[in-house]
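One structure below.
Protein chains in written order, with this note's numbering: chain A, 10 to 260; chain B, 27 to 1082.
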């Protein structure tokens, strides 16, 4: 209910979209307000989610996600053909278990994976608390993405990576991110589309994320089925185990 | 179902009304309805400009296509991507800033001004190596021959503007900017007919420039190269002043001049000068005086078309002359030898327009031809062909009714080709067959025999080809004694009757008809052109150098359309602006030209199109660009041509090549122009450009597939595009556009058999993607969906939920792919992958679709149909479906069995960690015992290529094998199934026995320690947890393994 009221407020604010279009702070404030406000973010200690990864052609893999946003910890477990795979980032280093080719022990991440993991561990994304994170934001202007009017914010991260974020001008919600990911030594342009925003404990979170890699490739879908704010999470699950890990149990 | 009915009714209503309400659309109304590039790159297309630079040892190549945009390779030509898709696709010049490899200049408008040349829109610059581009003016220059950037100052740039080809204009000559393109100054101008044909800058003294000024003009029926304005100019002061150079150069009128400075000795300058006696000239004193050198045939060859000259970067005596073929001189231009013998010996396409030589390694040479890009690593002795540039220039497209259907089309200087609309693993270059040579135009397949194809080449030469034999029969009509010499357009119209299959029409100045596959012809019209002798100057065409390639043939028929509804009703249009119609098979012809309002007399009729819905209705487009008239002309008549209404609009951009009326929705119109595809949903009142994955490339022809409902586009520069299934577009009515959300119909999902076998050919070839192997679910959203659910649920006939799919959320049409399968099979934990990544295919039939958007729910249905080609009997297919489903369920049985044991073992270990002493030890021992048992049923050590297999792996393999073939399983497989079922039964017994012994033991330990006893999860609870419903056993349809390996590769980002 609270979020409905927020939406109404933002919708009214957005009547004067042109007045704020050159004002980055107003756009960010609108976003922050829509998504639930700084207080709701600040009280988020842990997050867990479960859902399904969807691949073109009908392959699916159920997954669980765990976050400790303030410590930038993240762990993802997914299952494919009964095999449990894990990738995790403990705020400093990352590791993964990918048993599909027969290796069941944890391995440290390569640099480009680590970079992705670090990005993923930033649960609220680079727009929130961007100054603390050392990111530079620039409101490029109002543009058109697939027929939707959008604020274009160019994000230059502390590590000098550049991402283009697009927020709709009605609710100030991000729905498109364009970035360049490094994969297996190759630069791949990545287009991420977010939608199906839903309220979880006073926070508005996208429950649907589609990721397209490169030109023309079919998209992969991430569908969140359930998300919990501030569940109990044992912080040791983010540490790299010395032997094969048991999958974190799904909530 | 009701929704489907509603659409059907809407369609009927629309069909009965000649006019509909205006439907407000823009490009985003078409939403995610996307064009699919079919290529091919096998013949590629004309390349007009090249530049390259080595960065960190990697060769970065920029290719400027004559009408297919700019393509970039960052890996020396192995892969290319288009980087200029928002702008003019006609490229004249590319220059990389010598001081900054990220700064790229592009001049649009090809300078090789043949009859089919496109037009540009000025100068562009990228400062991020091609990612983004800024338009920097000179929009009226139309064609840009060269750009030079000062090596001293990146902001100082010269543009060599050829100017308009079809009319006089002032924006031509040499332009200079001192502020990186923000402002331009015209520093060399001769007159409104003379443009800059070539420009070179001294690389070591950027104040020295040479410009070849060229007086030329094209018209629909004539070409003139040369005139009083032509001349060679030099500036020694950075363009402030220019001197005309004459000493040693030929007297009299000059034509086009190609220029090159020797980089290793810049006092040496070469000029290929068109005159009455075209020859190569050389200066050794910075252009002050010139010496006549070779006049070899390749030097003299078609100077208007071949304006490139190159000097080896390290050897000022080695001169390359790209022309019909590329010749090289090693003696400073005295003599030339061809690099390729006759020009055909080495398999290099003739007609060479662009060249680049690596300044740091002259062994490395790039060559741009009429048939694509070639790369040499041994100073142009041997060549690699770039197979990754789908810049093919189609004139027309047609299709057949095979499965998959084939498309047919002819191309500029690249013959005629046929290729499939989809193929195993995609459509490769090798999937295309050559069905004609020379310059190809119309191609048509015989309605009674897919093996027989009609195609043509320049000069009106018509052929009938037996594809399997590659046997060609010439079948063009000839003039009878009482007829004038036949005049055929460059792009001679060939038309197959739809009302009377087997009847072929062919147009000279007369209309010819054959009913015997071209063995004989009847002339069924008088001369339907103006027959104006002033427009019949082909023999004199060319200017200084006669150039009679038949490209300027005029006073000819250009377009034919026989009504599919009335065999006697035929429309024709001519290149000199006349439109005729007959309603009695050619006995009487009515000249309806005068009824067309506001069409300037003599304007080339680019298309007449008889309506497939109403005999009195026809559409007409006209194209005046060859006279400098770039206006949009689109008309409709509903009274056999007695009156015409203009459907032109400011929303249509570019002179018009073609119009098509949809086969089902008469209000749906498609127009192809020089700058793309435009669509109207309301019979031509409102138009919007279709832009999803379709650059603003010239759309020369459009074909609509009756069975598959695909829109097939012939682009002149980017090959064939297919918009798969326009059914949703047909349903976009005014009412639906006004809805917030609406489900749209789609064609049935076909469950194709077969798939790709292995191929490891590298990634240096363009491979067209197939449409998704899925049923498409389509819907319309008035605006982007952001808040709450947007998903699609699919239900079977028992109203069991089969799957839930995330919906796309963009404005306009959205399409979601449903793979037509059950969820992937369950597998117990293990360490190896087994075949069986996707679920069994569902039975054919109707499935209910539920679209959920927030609180709204809409219902529709989607049909699944079997592959019409399937050779398997229904009985065999049912057996296969049954066995597949049994194995799918057996896998679930095994998974439950092992999951339940594994969970008990895990729980015991967890408790053991809390306990100590013998309790902990005993509990762990029991867990070990359970693990050991599981390990006998699923491979949990070694894994990949360990050669290990247990029941899990055996079942998975059998599931993969049986489900991957749509027909009857082998007897061996059926026997294997029984074996494995027996093994499973044994395993179940053993498991139950083991748990009967061990679980009570473990629970006794737990109870001793006041810990809740453990219990094996029930099958019902497990089913619920894993989302397994009671599967519909009514008979599963087939599925196949084809996507499994590619699909696994898609997991890559998550498997890293």
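Glycine is no exception: its CB is placed at the ideal position from the N, C-alpha and C atoms.
Contact list for residue i against chain B, beta-carbon separation under 9 angstroms
i                      : result
residue 207 of chain A : 813, 814 and 815
residue 180 of chain A : 812 and 813
Residue i: first and last residue of the uninterrupted beta strand (DSSP E) it sits in
i                      : result
residue 303 of chain B : Element bounds for residue 303 of chain B: n/a, residue is neither H nor E.
residue 702 of chain B : 702-706
residue 963 of chain B : Unbroken run through residue 963 of chain B: none, as it is neither H nor E.
residue 219 of chain A : 212-222
Contacts that residue i makes with chain A (C-beta to C-beta distance below 7 angstroms)
i                      : result
residue 837 of chain B : 155, 156 and 157
residue 863 of chain B : 68
residue 527 of chain B : By Cβ distance, chain A contributes nothing, its closest Cβ being about 37 angstroms from residue 527 of chain B, past 7 angstroms.
residue 845 of chain B : 66 and 67
residue 450 of chain B : What residue 450 of chain B touches in chain A: nothing, since even the nearest Cβ is about 15 angstroms away.
residue 849 of chain B : 69
Residue i classed as buried or exposed, judged by whether at least 16 other C-beta atoms fall within 10 angstroms
i                       : result
residue 81 of chain B   : exposed
residue 944 of chain B  : exposed
residue 796 of chain B  : buried
residue 1056 of chain B : Low confidence applies to residue 1056 of chain B: its pLDDT is 44, below 50, so where it sits in the model is not reliable, and the reading given next is rough at best. Its Cβ having fewer than 16 others within 10 Å, residue 1056 of chain B is exposed.
residue 140 of chain A  : exposed
residue 241 of chain A  : exposed
residue 1059 of chain B : The predicted model places residue 1059 of chain B with a pLDDT of 30, which falls under 50 and marks its position as unreliable, so this point remains unresolved.
residue 369 of chain B  : Confidence at residue 369 of chain B is low in this model, with a pLDDT of 46, below 50, so its placement is unreliable and no value can be given for it.
residue 323 of chain B  : exposed
residue 262 of chain A  : A question about residue 262 of chain A goes unanswered here, because the residues of chain A that appear run from 10 up to 260.
Partners in chain D for residue i, counting only beta-carbon separations shorter than 8 angstroms
i                     : result
residue 63 of chain A : Structure shown: chain D not included; protein chains present are A and B.
When the options are compared against residue i, the one with the closest alpha-carbon
i                      : options                       : result
residue 578 of chain B : B/468, B/680, B/117 and B/249 : B/249
residue 687 of chain B : B/910, B/119 and B/730        : B/730
residue 656 of chain B : B/192, B/174 and B/158        : B/192
residue 902 of chain B : B/497, B/532 and B/991        : B/991
residue 114 of chain B : B/478, B/143 and B/100        : B/143
residue 122 of chain A : A/131, A/96, A/212 and A/143  : A/96
residue 300 of chain B : B/310, B/289, B/281 and B/315 : B/281
residue 507 of chain B : B/495, B/496 and B/549        : B/549
residue 135 of chain B : B/166, B/543, B/157 and B/121 : B/166
residue 740 of chain B : B/121, B/66 and B/59          : B/66
residue 876 of chain B : B/867, B/868 and B/887        : B/887
residue 709 of chain B : B/720, B/701, B/696 and B/915 : B/696
residue 208 of chain A : A/54, A/34, A/236 and A/202   : A/236
residue 100 of chain B : B/87, B/742, B/91 and B/110   : B/87
Chain-ordered neighbours of residue i on chain B, where CB pairs are closer than 8 angstroms
i                      : result
residue 176 of chain A : Result: empty, since nearest Cβ-Cβ is about 10 angstroms, beyond 8 angstroms.
residue 40 of chain A  : Result: empty, since nearest Cβ-Cβ is about 12 angstroms, beyond 8 angstroms.
Contacts that residue i makes with chain B (C-beta to C-beta distance below 7 angstroms)
i                      : result
residue 90 of chain A  : 853, 859 and 860
residue 232 of chain A : 832
Residues that residue i contacts on chain A, provided the C-beta gap is smaller than 8 angstroms
i                      : result
residue 921 of chain B : 91
Alpha helix (DSSP H) segment containing residue i, residue limits
i                      : result
residue 172 of chain A : Premise fails: residue 172 of chain A lies in the beta strand (DSSP E), 171-177, not in any alpha helix (DSSP H).
residue 227 of chain B : First-last for residue 227 of chain B: 220-227, but that is the beta strand (DSSP E), not the alpha helix (DSSP H).
residue 762 of chain B : 760-764
residue 923 of chain B : 900-940
residue 130 of chain A : 120-130
Length-filtered (3 minimum) beta strand (DSSP E) runs lying within the region 32-111 of chain A: 56-63, 69-77, 82-89, 92-98 and 103-106
Can you list, in chain order, the stretches of the beta strand (DSSP E) that have 3 or more residues and sit fully within the region 346-381 of chain B? 352-355
Beta strand (DSSP E) segments (min. 3 residues) lying fully within the region 824-889 of chain B: 827-832, 838-844 and 871-879
What runs of the alpha helix (DSSP H), each 4 residues or longer, lie entirely inside the region 271-346 of chain B? 323-326
Note down, one range per segment and in chain order, each beta strand (DSSP E) of at least 3 residues found wholly within the region 538-611 of chain B. 583-588, 596-600 and 605-608
Pick out the complete beta strand (DSSP E) segments inside the region 149-188 of chain B, 3 residues or longer, and give them in chain order. 149-152, 170-175 and 183-187
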